[in-house]
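To start, the structure itself, in structure tokens.
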Amino acid sequence: MPPANAASGADAPSSAPSEARRQPKRSYGWLDALASLRLTVVLFALTIVLVFVGTLAQVDHDIWFVVNGDGWDGGYFRVWFAQFEYQAFNRLLLVFTKGEARPIEGSFWFPGGLLLGSLMFANLLAAHALRFKAAARGGRLTLGLGVLAAGIAATVGVIGTGMDQSLKGQLSSEFCDGLWQALRALLAGVALGGVWWSMNKVGKLRPAEWWLATALTTLLLGVAVYLYANPSVGPDDAGMRIVWELTKSGGAAVLTFLGCWLVFKQRAGIVLLHAGVGLLMIGELVTHLSAVEGQMRIPEGATVNYVDDIRSFELAVSTDEGDATRVTAVPASMLTAAVKAGEPIRHDDLPFDLRVTSYEGASRLVPVRGDNPATAGAGLETMAEPAKSVSGVSRDAGVNLPSAYVEPLDKESGESLGVWLVSSSFQIGADGRMTGLRPQPIAIDDQTHEVELRFERTYKPYSITLNDFRFDKYVGTEMAKNYSSDVVLTDPSRGVERPVKIWMNNPLRYAGDTIYQSSFDTRGPVEATVLQVVTNGGWMIPYVSCVFVGLGMLAHFLITLGRFARRRVEEAKRKAAKLDGPAADPPGWLSPELWKRPTVWGPALAALVTIAYLGGKARPVTDEPNQMAVQRFGSLPVAEGGRIKPIDTLARHTLQHFSARQEVLPADEDEDAPRVPATEWLLDTLSGRDGWRDHRVFRIENLELLDALDLEPRPGSFRYSYAEVMADPGKTEGLLDKAHQQYLRIKQAEQGGPATEPLTLVQDKTLALRQKIMSLRQLVTAFGTPNFSSTEDEGIREQLMRAQSMVQVLRRSGAVRVVPPGKAEGEWTTLFENELMNLLRRTQGLPPEPAGVAWSRALVAYADEDAEAFADRLTDLEAALEKYQRSLQAAPEALASLAPAERLDAGKVRFEHAFSAFSPFYYCAVMYLVAFVLACCGWLGQGGATLPRTLGRCATAVIVVTLLVHTFALISRIYISGRPPVTNLYTTAIFIGWGAVLLGMAIEAIYRMGLGSAAASAIGFATLVVAHYLSLDGDTFTVLQAVLDTQFWLATHVVCVTFGYATVYIAGAFGILYLLMWLLDFDRELSGSEAGRVVSGIVYGMLCFAMLFSFVGTVLGGLWADDSWGRFWGWDPKENGALIIVLWNALVLHARWGKLIGPLGLATFAVFGNIVTTWSWFGVNELGVGLHAYGGNDSPTAQYMLYFIASQLVICLIGLVAMAMPKRARAKA
């Protein structure tokens, strides 16, 4: 974002101070220093370091310790001075080395978040006070000030709506429909305006710029037409609630912008965006000072009128006084102070004096062992011991639960009443359930007082009664699809008693509080809901700030782009004026003269070859006549992983998990022998066909494990069959059980059991093999038949109980379900369960379920190698599936209860089968690599040589065709998943690649230097390779947990942030090209050459767009968090990674505007941006803490990331060396 003292001509950094030169110089002393751009850059740098180290510290500390600290101990973000622990830097090394953590003592002081934030705000105000002067005069100035005042008033009014005390839930359907109609009309109006503009600019812009603008206009028009043609498409009512908040903020932002335009003219965008940044900082301060968070835990049927602060604790002493209960609460701070002072706590409201003998801030309860400090109460059977402090901000990481040993003393005699254990922690029983301490009675003079250590409690003027709690799971999984609470809100003081439904991403606002569905609790005898209650009157500030900054940046960049387009037209006119005589008309597209040129027919031929190659790979595989219909079988739908998918997908991912391949290598190791496709392998295994045990599907590379199994190493393959692994069942089972028992001992040690040794490498690999064998056995069992071999009643009863137990095991383990329900309201079942049900139905004289019978007979026919019978059974199965799909479509209620991924759509399943067989992203990666080679070859040669130009254009043609296929693949994934393009880590890679290629080709269309093609193809290839390795983890069409299941935020925040990654990488790629041009002596004085100016300008422009997408996307992510659990910014590692990208882009741009760096510095800093983005994309995941901890210690991601970072650091070093060289030396070097 441009600083207050930057020029409006952001596209021309060299002219930035032109306006300043026109103004008389005046010194303001300390105010000049405070408004300095150098100070701005330094503050950005210090803040980046603070956020980075604060993220690392979350590995060892609870998030709130990192945010707020504990007095003068710790704290990073909401303290004036932070303590940087050396251990945090050690954690960075452990990310890459995966070694054992050894504690490192010591710390040093560093400016904290409050100090840096205050200085930034002062710097912003000082810069605006000094350098932003009104550009208007007279009536325009008066009108502008009036409009600006109206905009400010509207902004205050919008923010004030967040302080409404009334009951607010969902917007009415009628209002949502009207709002959506208005927004569609606005989009159509903008699109039509764009069409008019494009028609008006024909011949007035250069062709490349005109075509790009027209393409954007056409896209907007196409979206508008699609929305009008499909009225049902649009955000749901929950999404429209967010749209309404943004619309209100947008209205205030537009009015404020108009006032800024009238007063400041072309610098209006800069003023608005800086106002938004300042407003965001004020919002964080308001949240810090006034926001209060708590939780309501409400069992079904219960009523609660208080909120627990799960970060604070108190010792509650309750005394029954007949009509009321008198409660005296002792804060945890007093308990810890009493331990340090060694003096009892005395207070008139306490029925006794209280000596605190010990206090543990993080503890767990265990059975009594060794010395027991307690002499009375629950502590006689249970004792507390220290526990490891929780770390990070993960929603399932829990909180530190304290315990204390307290000794009540008689107020008069001072006599001890015993030492009592009080605790808010739990003890884990043999059945795995957690039990805590109940309030304990202490009798004094015929009066009983109950004591308990509990969360700090705040009482509300209203109460909430839970009538019903729902926890819906995805089919065949334990993953939450949705959880919701049907409650009754009662407030006698306002005469309110109203039933309300609260569910994920759909909070209730009342009396200044926002009540969110946070979690649930099944530990007690009755299910309980957990509601997050947040009091924050400034929750609307981030909404307004996001729109202010986004509109300000967009306005400023559009002004800049307009100036850029005009300059390009003027340059074209000057070049045309230098030509002798009028330019000859170019030949038409069908002219034979044109097609004789290699620069024309060469790219056309390259495009045709690319189309033929990719089209050949897309050709569907069909079954041979009179052969087993394996491909037809592969398109059968099954329910697994929470969604309906083709069984071919199941086969591919299962084999990928076992073997790291999607096909089985031949057993005789003959290179010419055919490989067994995944679906055929699965059919062999499920049907029990002869030889299925001999398929080499287990990849075992550990030599020690191979030796223990008496297996010979197979270099180049290392794949072994089930028969080979289980050649000696007793020995193999013994190895597997031994490793598993050691794993269980480690888990027990983590929960308070005796210490034990960590897993060795061979034990870890043995566990992995055990998991694969168990998965294979589960798969075979799920498609098996219950065994009822006994003829005795007792034996049959026992076998029935065993079969029913196995059904429950398969259900809990998420085994694949292949038999559709007989009616719309039913569930998919495993073939094993269906066989058991059919057996029971036969005993009752009922017909069996036809789908299950067809499945069983199909497997039998395949095992018997009867192709005709196999095809007939597939026909029967397809008929049963079609019947179920029709019944589902005829039952709207049953259909609505299913997530889109759970609904059977045979056409979509067949399409996914063909899509998986095509593997478009893999072959797009191949073609991007070919294009990169062609682009590099296009740089060879001198001047305008024909061959290099032809090769460069061939590269462009290949990329264009590949990009179209890449786009088709993205749209296909949207169709299959029913989701926006980015939903998981895998999809970020393919979308970043697509975005980078799109940007690169837009740059190539404008400048035609071959650099855009090279950058686009390089990033496209690299990101698709990353995506390929990410796909090895399993199904890439994953279903989303309840908190993430929102189309609106996936389509806005996630897409915006991910596209921001793409723009940063494109900027970094052109930074590399700039440094490469300098290194290879193409032009050492690049800043004065046309090529140097173009490349530097591209880097600058991409960084500007990266700033727009990364900032808006990051703030949208904060709004999503606020809408989900009431905390706009929680300092989660992933949030911090996104913030670092924003800060780094701001640092680079401000350094360029302040002339602290030149073109070489800009390129070098852009390359370092690749490192910053990669850390946010992958690095924070490897820390293993936070809401977005996708990484794991077994993943090689950290190793690959280290290689990439090292390569970028080497390139940055080249840039730093070049920057350090004097200008004259650089020219002579």
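Using this note's numbering, read the sequence shown as starting at 271 and increasing by one per residue.
We put the beta carbon where it would ideally sit given N, CA and C, even for glycine.
Under a three-way DSSP split, which group does residue i fall into?
i, result
"D1527", "Beyond the ends of the chain as shown, which are 271 and 1499, falls residue 1527; an answer cannot be given."
"D715", "coil"
"R348", "coil"
"M653", "strand"
"S1157", "helix"
"S1287", "helix"
"P294", "Low local confidence applies: a pLDDT of 49 at P294 is under 50, so the model's placement there is unreliable, with the coordinate-based value given in what follows. Of the three classes helix, strand and coil, the one that applies to P294 here is coil, per DSSP."
"D1353", "Confidence in D1353 is poor, its pLDDT being 49 and thus under 50, which makes the residue's placement unreliable; the coordinate value appears in the next sentence. Coil, per DSSP."
"I1066", "helix"
"N776", "strand"
"L691", "strand"
"W379", "strand"
"V1450", "helix"
"P862", "helix"
"P1170", "helix"
"E933", "strand"
"L1486", "helix"
"T223", "The first residue shown for the chain is 271 and the last is 1499, placing residue 223 beyond what the model contains."
"D302", "helix"
"P637", "strand"
Since residue i is in the beta strand (DSSP E), which residue starts that stretch and which ends it?
i, result
"Y675", "673-679"
"K915", "913-916"
"D623", "623-630"
"R969", "966-969"
"T1051", "Run containing T1051: none in the beta strand (DSSP E); it sits in the alpha helix (DSSP H), 1031-1052."
"I772", "766-773"
"A909", "907-910"
Between which two residues does the alpha helix (DSSP H) harbouring residue i extend?
i, result
"S987", "Premise fails: S987 is in no alpha helix (DSSP H) and is neither H nor E."
"T526", "507-534"
"K610", "602-611"
"P239", "Nothing in the structure corresponds to residue 239, since the chain is present only between 271 and 1499."
"V1130", "1120-1133"
Could you tell me which residues DSSP puts in a beta bridge with residue i?
i, result
"Q565", "D578, Q802"
"G706", "F696"
"F725", "F583"
"Y356", "DSSP, once it has assigned bridges, lists no residue as partnering Y356."
"A646", "W690"
"Q787", "L801"
State the CB to CB distance for the pair residue i and residue j, rounded to an integer number of angstroms; the pair is presumed to be in contact (CB under 8 Å).
i, j, result
"L1151", "L1174", "7 Å"
"P890", "A1239", "Rounded, the Cβ-Cβ distance is 15 Å, inconsistent with contact."
"I234", "I318", "In this structure the chain extends from 271 to 1499, so residue 234 is not present and cannot be described."
"I512", "F1318", "6 Å"
"G1222", "A1201", "At roughly 10 Å, the Cβ-Cβ gap does not stay under 8 Å, so G1222 and A1201 are not in contact."
"F818", "A545", "6 Å"
"V1077", "L1106", "6 Å"
"Q1513", "E720", "No answer is possible for residue 1513: the residues shown for the chain start at 271 and end at 1499."
"Q787", "S733", "Contact flag wrong, Cβ pair sits at about 18 Å."
Cα-Cα, which of the options is closest to residue i?
i, options, result
"G1280", "S1242, A1312, P1251, V1365", "V1365"
"G464", "L1345, T488, G1383", "T488"
"I552", "G414, R567, T484, F391", "F391"
"T735", "L497, M749, P769, P762", "P769"
"L400", "P873, S306, F351", "S306"
"V804", "R1397, L1349, V1480, P1429", "R1397"
"E722", "I714, R708, A713", "R708"
"D1146", "E1095, P873, F1191, V1089", "V1089"
Please decide whether residue i counts as near chain D, where near means a Cβ-Cβ distance under 9 Å.
i, result
"L1349", "No chain D appears in the structure shown, which is made up of a single protein chain."
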